[in-house]
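Data block below; observations after.
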Amino acid sequence: MKIDIDGHRETLWAYVLDGEREYDLILGRPWMDKNEVTIAPAKKSLFIYSSRTRVRSREGACPNQLPKPVSPELYQALRKRSKTDRNIELFSASMADIQKALKKKELTDPRDLLLEFLKDEFRTFMKEEADKLAPYRGSDIDHAIELIEQDGKPATVPWGPLYNMSREELLVLRQQLTSYLDKGFIRVSKSSASAPVLFVKKPSGGLWFCVDYRALNAITKKDRYPLPLIHETLSQISKATWFTKVDVI
Numbered sequence: 001m002k003i004d005i006d007g008h009r010e011t012l013w014a015y016v017l018d019g020e021r022e023y024d025l026i027l028g029r030p031w032m033d034k035n036e037v038t039i040a041p042a043k044k045s046l047f048i049y050s051s052r053t054r055v056r057s058r059e060g061a062c063p064n065q066l067p068k069p070v071s072p073e074l075y076q077a078l079r080k081r082s083k084t085d086r087n088i089e090l091f092s093a094s095m096a097d098i099q100k101a102l103k104k105k106e107l108t109d110p111r112d113l114l115l116e117f118l119k120d121e122f123r124t125f126m127k128e129e130a131d132k133l134a135p136y137r138g139s140d141i142d143h144a145i146e147l148i149e150q151d152g153k154p155a156t157v158p159w160g161p162l163y164n165m166s167r168e169e170l171l172v173l174r175q176q177l178t179s180y181l182d183k184g185f186i187r188v189s190k191s192s193a194s195a196p197v198l199f200v201k202k203p204s205g206g207l208w209f210c211v212d213y214r215a216l217n218a219i220t221k222k223d224r225y226p227l228p229l230i231h232e233t234l235s236q237i238s239k240a241t242w243f244t245k246v247d248v249i
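First residue of the sequence shown: 1, per UniProt numbering; consecutive thereafter.
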């Protein structure tokens, strides 16, 4: 296509973009380098050195010349040429498009999308509920750890040493212990028994807080119960259509 910019005449190839755009023509950095273009922002002008042409800003003024329309044949030829190379991805973006993309979007609470009868059940999974201990249900179901006997005497409770940790792990450890103390999940103890803690890296990033109970498990009485028969289990769930998976980690 032929262009005329205040007397600077040139023939160039240009890509045609679909849809309405804010600008009729965009001349990029390669064109500026080729024509040795110098921009003077204070004077609102630019100088095209290759043709000794000075172009001034037309803000607020009507253009003297309208660009010549492109013929349908030329448009189809340009469009066909742009489709020949499938490795070229063509797009344009203006400051208005960037500002629109960066504009903060109003967040929608996913709870508003729940049906009314599900909202009460959803509260069980809220962080406020997860930060509370389960209600006390009596001494009959209090948890107790029974230790095996060694030579007729109770086994000696284990005491684990501290594991070596990095600075990041020490910061996470302090954060976890402070959080559990504030929630009432744990309390300060002077027991002679202890278990070391360590961290395991998550596949998605971050650290898992783990307690090494192997020494305690070694002297704990096991509640042994046979595993269910596989064929019996498959027979019971063969006609099931809904399954629940619980990840307690």
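Built from N, CA and C at the ideal position, the CB exists for glycine as well.
Selection L181, T11 and P135 evaluated against K34 yields T11 as nearest (Cα-Cα). Checking the DSSP bridge columns, you'll see V55 partnered with L46.
Scanning the segment 122–160 from its first residue to its last, the whole alpha helix (DSSP H) runs of 4-plus residues come out as 127–130. Partner residues in the beta bridge of A40, as assigned by DSSP, are S45.
Looking from the CA of I26, the closest CA among I5, A40 and D120 belongs to I5. Scanning L147, L74 and R58 for the CA closest to the CA of D223 turns up L147. For R187, the three-state secondary structure derived from DSSP is coil. Assignment of D4 by DSSP, reduced to helix, strand and coil, places it in the strand class. About 15 Å separates the beta carbon of H8 from that of I39, a gap too long to meet the 8 Å contact definition. If you draw a straight line from the Cα of K153 to the Cα of Y163, it is about 30 Å long. Counting C-beta pairs closer than 8 Å gives three or more between the segment 166–185 and the segment 207–225, which meets the contact rule. Around the beta carbon of L118, a 10 Å sphere encloses fewer than 16 other beta carbons of the protein chains shown; the residue is thus reported as exposed.
Cβ-Cβ separation between A218 and A195: approximately 12 Å, too far for a contact (criterion under 8 Å). Look at E22 here: in three-state DSSP terms it is coil, with no helix or strand label.
For the set L107, V16, P41 and P30, the Cα lying nearest the Cα of S71 is the one of V16. Contact check for S50 against E36 passes: the beta carbons are separated by less than 8 Å. When beta bridges are read from the DSSP output, K222 appears opposite no residue. Each residue's CA atom was taken as its position, placing L181 and K103 some 40 Å apart. Beta-bridge partners assigned by DSSP to T11: K2. Under the DSSP definition of a beta bridge, K201 partners with L207. If you draw a straight line from the Cα of T178 to the Cα of V200, it is about 19 Å long. In terms of Cα proximity to M1, the closest of L107, Y75 and L229 is Y75. Judged by DSSP in its simplified three-state form, S71 adopts coil rather than helix or strand. Among the bridge pairs identified by DSSP, S166 is matched with none.
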